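2 protein chains.
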Amino acid sequence: MAREKLTGNMLIAQSGGPTAVINQSLVGAVLEAHKHKEIKKIYGSLQGLKGILEANLCDLGRETRANLELVARTPSSALGSVRKKPTPEDCGKVFQVLQQYNIRYFFYIGGNDSAETTHIINEAAQQAGYRMKCFHICKTIDNDLKENDHTPGFGSAAKFVAQAFMGDNLDNRALPGVKINVVMGRHAGFLTAAAALARVFPGDGPHLIYLPERPFALDRFVADVQRVYAVQQRCVVAVSEGIADEQGTAIAAKFSQEVDSHGNVQLSGSGALGDLLAKAIRDQAKISRVRADTFGYLQRSFCGVVSANDAKEARQAGAAAVKFATGGLFENGSTAIKRAPGKSYQVRIERTELKNVAKETRHMPDEFINADGNDVTPAFIAYAAPIVGALPKIGRLKAVPAVKK
Amino acid sequence: MAREKLTGNMLIAQSGGPTAVINQSLVGAVLEAHKHKEIKKIYGSLQGLKGILEANLCDLGRETRANLELVARTPSSALGSVRKKPTPEDCGKVFQVLQQYNIRYFFYIGGNDSAETTHIINEAAQQAGYRMKCFHICKTIDNDLKENDHTPGFGSAAKFVAQAFMGDNLDNRALPGVKINVVMGRHAGFLTAAAALARVFPGDGPHLIYLPERPFALDRFVADVQRVYAVQQRCVVAVSEGIADEQGTAIAAKFSQEVDSHGNVQLSGSGALGDLLAKAIRDQAKISRVRADTFGYLQRSFCGVVSANDAKEARQAGAAAVKFATGGLFENGSTAIKRAPGKSYQVRIERTELKNVAKETRHMPDEFINADGNDVTPAFIAYAAPIVGALPKIGRLKAVPAVKK
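Okay, here's the thing in structure tokens:
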């Protein structure tokens, strides 16, 4: 027998790294909530968990539909974000606020750390005997959430990375040399792998792709670049910021002293890894024109590059969480994007247990990585292409050699 | 009395840093050349001066119109590029090739260094008594060519920078801290200044802008950031890669040993400057969350971000050079974009002397820079906005505070 409808207010927050479509999930959830009478007030917490702890909430019922639609198309977390894992003390404070505001529907948009936060809050609520629907809404450009075929935010970030490599490959073709581009992705190489979508013509870069899923050795890297350079007289390389040695220590971690409360070492926001790799090529491979760029925060928040499927699915994930919460079947959970088998691209949003996505990281499956560990396979391209969607069309001169005089 | 029409072949090449619209100029010139019967074969040199020296030419008459149009919309120099100043010895070799291929129309697309190269070749041709129409076609994302209101390539690069800062400002607003973004521009700050176009709402970054036109002092920079941070609890900074100390020495030059044959020290392709500035804030301002990104080569070659005006004018500049060369009035020169005075944005392409643009650098006029030397003025915004064109519309939540419980 279904329990009676739970009536009360809703609280939604955004957490972790922003994405280009995280506001689609926010707006999807808010617009869906308006359809359910058991949800009364709709509050947004400013800066995720921090806003809850400080009772720094806004009234999302006061937003016009037109403004919500504009915000949905705007990159980066409109409610503000945070990287914070709740301590037991925090949980007590969270409850105080949840009870004060009679929050019975709680939604937290984020990655695996945010799923962990949602899980902790849900467990604490259950222990306290406080009935609250508690849902995590999937999001991360890293694409590393368990249970998900892919995650909202990844498609748009991957589109940015692909378009960046399309242009950078052409730049490197015009002024040949070795070009190393460092791409975001702490433990999973999906975003770095998306660089492969940039290839249009034979010989196009990226010519080498290094992922955190395979141990990185500087000598093998130098040898790989030398081999490509000998044939092509140029080489474009995609490197994940998360590449790690045989012991699993991230190469970039050597340059970083910053660790967040989830235990993550700060890898982005520095050009040190790219510069280290460029120096190795300059010194050991004796190639003079070597450049390194670190794509940095542009990958997740660049304004104007969005995958249409990504935007649509992010909206659906937000709406789905509210549907799961109000549908009577589930007390809590996380939204997970599933893809139907077969050639045509079709996804649906399912509900999964919070513990299934909390904290855990999904890695690139072996079938997506080539045997040498320095490129992706056609299976990855088939997987990623529909998530990223159409890329700009580019051309190349036929460049028929002139008759020699 | 007009001299008789000069009949012969045409050679066109691209030089210096690629841009998102440099192929528009190439295609504009080729399509215009097809209209003039005195121009017989149309050759392209592969990799600029290098291709001429090696007689490595292609037959652009063999390209279909459809493929040329596709190439025009493709970023980065389709013919390849080079950074090379011709030595007197090179000039001899260049002539041999020009004569062998009966080149009477010569076009070189590039910046001030490329204008210098065109000037040298033109002078050498005149001295040798070899009649050849010799034109430079303006191009540079740095926007630093004399005689030009602005240059093809700048508008699209500026659009990329503006969209990057729009997103990055939102990212920094979501996860507050200090964010430093290093933007290209060796001696002129126009591209860095374009970051100011990202501002939409009150309080939006960039909050500080540092240009090569004003001496850079680390202590003033730290104090500026502290002042903004105290008010906003965050700070987004745009810094030109070309910022230099009181003596005019580029700060980034400390990290670089590479100099090209035009005497330019390599500044891009490293994250060192951004990391130095971030460290100064971390150490001296005692702010913990400090990140630096160096936009790097994405600024000039990113695929899919193009200013419509920029693309149009780049095409016109290429066509104009051919018109000047075939029109009977001029033997040589450079194309210069002039803007009509008044509120409506109107440009025309004029012909100027090669020596007027060769080697020289145009800087940001004083009226575009604020008194403190850490921001731009409304006059700059009025100047740059139509060159860059429409930017994506973004929204912000009204975020009405919830009634306190």
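Sequence order for the protein chains is A and B. Count along the first sequence from 1, add 234, and you get the number used in the numbering used here. Count along the second sequence from 1, add 234, and you get the number used in the numbering used here. For each residue, glycine too, the CB sits at the ideal point set by N, CA and C. Note that the coordinates shown come from a computational prediction; the quantities given were computed from them, not determined experimentally.
With at least 16 other beta carbons inside 10 angstroms of its own, residue 468(A) counts as buried. For residue 629(A), the number of other beta carbons within 10 angstroms of its own is at least 16, and it is reported as buried. The straight-line gap separating the alpha-carbon atoms of residue 254(B) and residue 585(A) is approximately 44 Å. What residue 467(B) touches in chain A, judged by beta-carbon distance under 8 Å, is nothing: the nearest beta carbon there is about 11 Å away. Judged by their CB atoms, residue 250(A) and residue 317(A) are nearer to each other than the 8 Å cut-off. Its chain contains no residue whose beta carbon lies nearer than 7 Å to that of residue 638(A) once the 5 sequence neighbours on both sides are disregarded. CA-CA distance, residue 505(A) to residue 504(B), rounds to 7 Å. Sequence-distant Cβ neighbours of residue 325(A) in its own chain, meaning closer than 8 Å and more than five residues away, are 354, 355, 358. Considering only 613(B), 556(B), 380(B), the residue with the shortest C-alpha distance to residue 243(B) is 556(B). Within the model, the alpha-carbon separation for residue 533(A) versus residue 621(B) is close to 25 Å.
Using a CB distance cut-off of 8 Å, residue 633(B) counts as an interface residue toward chain A. The DSSP-derived three-state label of residue 635(A) is strand.
Taken in chain order, the whole beta strand (DSSP E) runs of length 3 or more contained in the region 492-568 of chain A are 524-528. If you look at residue 602(B), you'll find it isn't in any beta strand (DSSP E); DSSP assigns it neither H nor E. Along the region 235-264 of chain B, the positions whose C-beta sits under 8 Å from a C-beta of chain A are 248, 251, 252, 254, read in chain order. Out of 438(B), 396(B), 398(B), the CA that lies nearest to the CA of residue 410(B) is found in 438(B). The C-beta of residue 535(B) comes closer than 8 Å to at least one C-beta of chain A. In the displayed model, residue 382(B) falls within coil according to three-state DSSP, outside both helix and strand. Distances from the CA of residue 444(A) to each of 342(A), 420(A), 435(A) were compared; the closest alpha carbon is that of 420(A). The C-beta of residue 335(A) comes closer than 8 Å to at least one C-beta of chain B. Under the Cβ distance rule, residue 628(B) counts among the residues neighbouring chain A, one pair being separated by less than 8 Å. Shown here, residue 351(B) sits in a helix according to DSSP, grouped into three states. Going by beta carbons, residue 377(A) and residue 388(A) fall inside the 8 Å limit. Taking 8 Å as the threshold, the shortest C-beta distance from residue 297(B) to chain A falls below it. For residue 520(B), no chain A residue has a C-beta closer than 7 Å to its own C-beta; the minimum C-beta separation is roughly 14 Å. Close CB contacts of residue 494(A) within its chain, under the 6 Å cut and outside five residues either way in sequence, are with 317 (chain order). Measuring C-alpha to C-alpha distances from residue 477(B) to each of 416(B), 520(B), 522(B) identifies 416(B) as the nearest. Here the region 274-291 of chain A does not lie against the region 364-378 of chain A, with fewer than 3 beta-carbon pairs under 8 Å apart. Taking 9 Å as the cut-off between beta carbons, the residues of the region 522-533 of chain A near chain B are 522, 523, 524, 525, 526, 527, 528, 529, 530, 531, 532, in sequence order. For the region 307-334 of chain A, the residues whose beta carbon sits under 8 Å from a beta carbon of chain B are, in order, 307, 308, 309, 310, 311, 312, 313, 314, 315, 316, 317, 334.
Secondary structure note for residue 426(A): it is in no beta strand (DSSP E), and the uninterrupted alpha helix (DSSP H) holding it is 424-427.
Within 7 Å of the CB of residue 400(B), the CB atoms of chain A belong to 537, in sequence order along the chain. Here residue 465(B) is exposed. Its C-beta has fewer than 16 other C-beta atoms within 10 Å.
In the pairwise beta carbon analysis, the region 576-584 of chain A is classified as not touching the region 559-566 of chain A: fewer than three pairs are separated by under 8 Å. Counting along the chain, residue 463(B) sits inside the alpha helix (DSSP H) bounded by residues 452-466. Leaving aside the five residues that flank residue 446(A) on each side, the residues in its chain whose CB is nearer than 7 Å to its CB run, in chain order, 419, 421, 422, 423, 474, 476, 477, 478.
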